[in-house]
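Heads up: the structure comes next, in structure tokens.
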Amino acid sequence: MTVTELMEHLKAFDPNLPVVVAGYEGGFNDVSFVAPARMFPEANTEWYYGAHEEALPGDEGTVTALLLSGKNHIAVDD
Numbered sequence: 721m722t723v724t725e726l727m728e729h730l731k732a733f734d735p736n737l738p739v740v741v742a743g744y745e746g747g748f749n750d751v752s753f754v755a756p757a758r759m760f761p762e763a764n765t766e767w768y769y770g771a772h773e774e775a776l777p778g779d780e781g782t783v784t785a786l787l788l789s790g791k792n793h794i795a796v797d798d
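Okay, so the sequence shown: first residue is 721 according to the numbering used here, each after it adds one.
Next comes the structure, spelled out in structure tokens:
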């Protein structure tokens with residue numbers, strides 16, 4: 721999905737709805753981080769990894785994507 725496609729989808733919703741992402745093992749987290757991310761597209765075939773792999777500075781053959789993520793801000797650390 722591109723930013724343009726995402727914006728088109730968002731037009732169908734109440735602009736005051738919360739935006740969430742999937743939690744680590746279940747539930748949802750608020751989106752609390754939006755930033756560009758360098759990645760290798762379609763680099764992982766294992767089901768337990770995301771399809772795309774994070775790139776390090778200086779890596780070649782990468783693309784820039786928009787990363788939306790969140791964390792559980794009410795979690796209690798062990």
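The beta-carbon is built from N, C-alpha and C at its ideal position, and this holds for glycine as well.
Query: Three-state secondary structure (DSSP) of residue 722; Result: coil
Query: Residue 749 - partner residues in DSSP beta bridges; Result: 741
Query: Alpha carbon of residue 787 to alpha carbon of residue 797, nearest angstrom; Result: 25 angstroms
Query: Start-to-end residues for the beta strand (DSSP E) that takes in residue 785; Result: 783-789
Query: Helix, strand or coil at residue 728 according to DSSP, with G and I counted as helix; Result: helix
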